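>
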Amino acid sequence: MIDPLTAIREAFELSPTKFEALVKGFQQEYNTGLTTSSAEIATMIPSYVTRMPNGKEKGTFLALDLGGSTLRVSAVNLLGEGEVKVTEVRRAIAVADPLRTGTSDAFFDWIVEAVDELLSKINTHTPLSMGVCWSFPIDQTGISTGTILRMGKGFDIKGIEGKDLNILFQEAFKRKAINVTVTAILNDTVGTLVAHAYTHPQARIGFIYGTGVNAAYPEKVSRIQKLKNHNMGPDVEMLINTEIDIFGNESYLPLNRFDLALDATHSQPKFQLYEKMMSGAYLGELTRLASLELIASGDLFKGNIPNQFKNPWDFSSASVSILESNAVTRWEDQKVAVETLLTFENEYQLSATDLSLLIQVAHLISDRAARLAGGAMVSLLEQQKINLSETDPIVIGVNGSVYELYPQMPERIQQSLIDWFGPTISSRLQISLATEGGSIGGALIAMLYQPR
Ligand code: BGC
Numbered sequence: 001m002i003d004p005l006t007a008i009r010e011a012f013e014l015s016p017t018k019f020e021a022l023v024k025g026f027q028q029e030y031n032t033g034l035t036t037s038s039a040e041i042a043t044m045i046p047s048y049v050t051r052m053p054n055g056k057e058k059g060t061f062l063a064l065d066l067g068g069s070t071l072r073v074s075a076v077n078l079l080g081e082g083e084v085k086v087t088e089v090r091r092a093i094a095v096a097d098p099l100r101t102g103t104s105d106a107f108f109d110w111i112v113e114a115v116d117e118l119l120s121k122i123n124t125h126t127p128l129s130m131g132v133c134w135s136f137p138i139d140q141t142g143i144s145t146g147t148i149l150r151m152g153k154g155f156d157i158k159g160i161e162g163k164d165l166n167i168l169f170q171e172a173f174k175r176k177a178i179n180v181t182v183t184a185i186l187n188d189t190v191g192t193l194v195a196h197a198y199t200h201p202q203a204r205i206g207f208i209y210g211t212g213v214n215a216a217y218p219e220k221v222s223r224i225q226k227l228k229n230h231n232m233g234p235d236v237e238m239l240i241n242t243e244i245d246i247f248g249n250e251s252y253l254p255l256n257r258f259d260l261a262l263d264a265t266h267s268q269p270k271f272q273l274y275e276k277m278m279s280g281a282y283l284g285e286l287t288r289l290a291s292l293e294l295i296a297s298g299d300l301f302k303g304n305i306p307n308q309f310k311n312p313w314d315f316s317s318a319s320v321s322i323l324e325s326n327a328v329t330r331w332e333d334q335k336v337a338v339e340t341l342l343t344f345e346n347e348y349q350l351s352a353t354d355l356s357l358l359i360q361v362a363h364l365i366s367d368r369a370a371r372l373a374g375g376a377m378v379s380l381l382e383q384q385k386i387n388l389s390e391t392d393p394i395v396i397g398v399n400g401s402v403y404e405l406y407p408q409m410p411e412r413i414q415q416s417l418i419d420w421f422g423p424t425i426s427s428r429l430q431i432s433l434a435t436e437g438g439s440i441g442g443a444l445i446a447m448l449y450q451p452r
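Reminder that position 360 of the sequence shown reads as 360 in full-length UniProt numbering, one-by-one numbering, no gaps.
1. Would you check whether the ligand ATP has a heavy atom nearer than 7 Å to the C-beta of P137?
2. For S144, report the span of its alpha helix (DSSP H) as first-last.
3. Hey, how far is the Cα of A197 from the Cα of A373?
4. Measuring only the C-alpha atoms, how far is V338 from A318?
5. DSSP puts F207 in a beta bridge; with which residues?
6. List the DSSP bridge partners of residue 468.
7. Restricting to runs no shorter than 4 residues, where is the alpha helix (DSSP H) found entirely within the stretch 103-166?
8. Do G248 and F26 have their C-beta atoms closer together than 8 Å?
9. Between the stretch 103-122 and the stretch 71-91, do three or more beta carbon pairs fall short of 8 Å?
10. Excluding the 5 residues flanking S325 on each side, which residues of the same chain have their C-beta closer than 7 Å to its C-beta?
11. Can you check whether the CB of I178 is closer than 8 Å to the CB of L165?
12. At a cut-off of 7 Å, would you count G210 as near the ligand BGC, judging by its Cβ distance to the nearest heavy atom?
13. Let me know the secondary structure DSSP gives A362 once reduced to three states.
14. Please indicate yes or no: does the CB of E275 lie closer than 7 Å to some heavy atom of the ligand BGC?
15. Between the Cα of T43 and those of V49, E29 and P53, spot the shortest distance and give me the residue it belongs to.
16. Rounded to whole angstroms, what's the CA-CA distance from S366 to F19? Just pull it up for me.
17. To the nearest angstrom, report how far apart R204 and S38 are at their CA atoms.
18. If you scan the stretch 317-392 from start to end, which runs of the alpha helix (DSSP H) of 4 or more residues do you find wholly inside it?
19. Can you tell me where the beta strand (DSSP E) with T17 in it begins and where it stops?
20. So V221 and L227 are supposed to be a Cβ contact under 8 Å. How far apart are they, rounded?
21. Locate the beta strand (DSSP E) running through I185, then write down its first and last residues.
22. What I want to know is whether the C-beta of V398 ends up closer than 7 Å to one or more non-hydrogen atoms of the ligand BGC.
23. Buried or exposed: T242, going by 16 or more other Cβ atoms within 10 Å of its Cβ?
24. The alpha helix (DSSP H) with M447 in it runs from where to where?
25. Is it the case that the CB of N166 approaches a heavy atom of the ligand BGC more closely than 7 Å?
26. Please determine, among D419, P201, A261 and Q383, the residue with the shortest C-alpha to C-alpha distance to P393.
27. Around the C-beta of R257, are 16 or more other C-beta atoms found within 10 angstroms, so that it is buried, or is it exposed?
28. When you compare each of H363, V182, P410 and S426 to E13 by their alpha carbons, which one comes out closest?
29. Can you say whether E347 is buried or exposed, counting buried as having 16 or more other CB atoms within 10 angstroms of its CB?
30. Identify which residue in P218, D333 and G68 has its Cα closest to the Cα of V190.
31. Given a cut-off of 8 Å on the beta-carbon distance, is the pair G280 and T211 in contact?
32. If you run the structure through DSSP and keep just helix, strand and coil, what is L300?
33. Please go through the same chain and pick out, in chain order, the residues whose beta-carbon is closer than 6 Å to the beta-carbon of C133, but skip the five residues on each side of it.
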């Protein structure tokens, strides 16, 4: 019989063979998604964005960015030369906030109140164009229109699915007599790519790695077969919101017993299987589930279950990140750093061995997560058929808390690209932090597509 830690290591291992299957699986899903209507498969969603900024753009545009936990409404003053000045209003939306499961009117009124506050802050009454960054699946039907699909991230708003997002905004603005027009609707990945291109014109992928995961890239219009009745040339490129988070054919996605257990207790089972293996919403729960196996075998905490491991979802990804960031500190310092993260009803005292074991588990999970992100990037680069033998840099802009804050995440993702492409090609690939996603991207797209 193998020892319990080895069994966990094997479960989270992403061998080169599994990595290759993942890359191939993703590519197959790209091609299926490009030919199947987004109403049927909510992936490979055309953004209708075919213009990219050149960094010289100027003017004030509004942007609204709704993510998993925060609403940001901004007035973005584009100053040219890639420079911007942003005034913003932020609202947090807690996991248990009733707005998440309430009515659509209540939700949009809450959003519009924030817009109203921003307009007072910048003291303007002139009509303004707004880009709305909607970090949830949407069947985009035009640059400023789209049908809302199933939301995810704990949102279950009554009667919202199937509605046109632009109309919901128009109605809500009307209720408050606000003079704003939504001229663009975008996914956060598309916003990230456009915002990154404002300062890095060679950007070819916009990647989000935070609470959720997703990616956008430019695709030749001639390959987007589901896009009918357009009159753009075949060589025109349009940004595609892949919604790779939803991908998840079990034939190539190496789901293990912990992934399946997590999915079984989730409020939306079988949905977003790839995202559930790696995103910030799940690293904590995966660590909890794997650790429970070591606790059951008596290897961890001498069989005692910490309070934070008793209920599903109670152990946060931020805690896992703290654990790993203390991996190399002295035990005395580690103890202080993690004392509040793991408490025991019977006052069991955590040992150095316990902590080292737990950190190893966390590392196995986050290492797989990094490779899963790397696998998506590899498949997106190959999908674009970029001539990799040239020497210009190819930029991947990544936005999101896991990429930004989780220990060694960028290095580990980069390593998975080196493993696949080798050192020469990989040296062209610049994965860089895209600090501005939805807001600047939203304002830029609103600008690029303002009615003339
Ligand atoms: C959503 C995507 C979004 C991603 C990153 C996913 O859960 O479905 O639309 O782009 O999270 O925020």
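For each residue, glycine too, the CB sits at the ideal point set by N, CA and C.
Bear in mind the structure is a predicted one, so any value in this text is a computation, not a measurement.
Answer, in terms of the structure:
1. As presented, the structure is devoid of the ligand ATP, carrying the ligand BGC as its sole ligands.
2. Careful: S144 lies outside any alpha helix (DSSP H) and carries neither H nor E.
3. Going from the Cα of A197 to the Cα of A373 covers about 21 Å.
4. Distance between the alpha carbons of V338 and A318 is about 12 Å.
5. As a beta-bridge residue in DSSP terms, F207 pairs with A215 and V398.
6. For the chain, the structure presents residues 1 to 452; residue 468 sits outside this window and is missing.
7. Secondary structure remark: continuous alpha helix (DSSP H) runs of at least 4 residues inside the stretch 103-166, in chain order: 104-122.
8. No, Cβ-Cβ distance for G248 and F26 is not below 8 Å.
9. Yes: at least three Cβ pairs fall under 8 Å.
10. In the same chain as S325, and ignoring 5 residues on each side of it, the C-beta atoms closer than 7 Å to its own belong to P407, in chain order.
11. It is not a contact, given that the beta carbons lie outside the stated cut-off.
12. At least one heavy atom of the ligand BGC is nearer than 7 Å to the Cβ of G210, so yes.
13. The answer is helix: DSSP assigns A362 an H, G or I state.
14. The nearest non-hydrogen atom of the ligand BGC is less than 7 Å from the C-beta of E275.
15. Looking only at V49, E29 and P53, the smallest Cα-Cα distance to T43 is reached by E29.
16. Cα to Cα, the separation comes out at about 15 Å.
17. Their Cα atoms are separated by approximately 23 Å.
18. Fully enclosed alpha helix (DSSP H) runs of 4 or longer: 317-325, 331-338 and 352-383.
19. Element bounds for T17: not the beta strand (DSSP E) but the alpha helix (DSSP H), P16 to T35.
20. Confirmed, Cβ separation roughly 7 Å.
21. V180 to L186 is the span of the beta strand (DSSP E), which, as asked, contains I185.
22. Judged by the Cβ position, V398 fails to qualify as a neighbour of the ligand BGC at the 7 Å threshold, every heavy atom of the ligand being at least this far.
23. T242 is buried by the Cβ-count criterion.
24. Counting along the chain, the alpha helix (DSSP H) containing M447 begins and ends at G438 to L448.
25. Relative to the ligand BGC, even the nearest heavy atom lies 7 Å or more away from the CB of N166.
26. When only C-alpha atoms are compared, the closest one is P201.
27. Taking a 10 Å sphere around the C-beta of R257, we find fewer than 16 other C-beta atoms and assign the residue as exposed.
28. Measuring from the Cα of E13, the nearest candidate turns out to be H363.
29. Exposed, since its Cβ has fewer than 16 Cβ neighbours within 10 Å.
30. Considering only alpha carbons, the answer is P218.
31. Contact: yes.
32. Look at L300 here: in three-state DSSP terms it is coil, with no helix or strand label.
33. In the same chain as C133, and ignoring 5 residues on each side of it, the C-beta atoms closer than 6 Å to its own belong to D65, L186, D188, G191, G438 and G442, in chain order.
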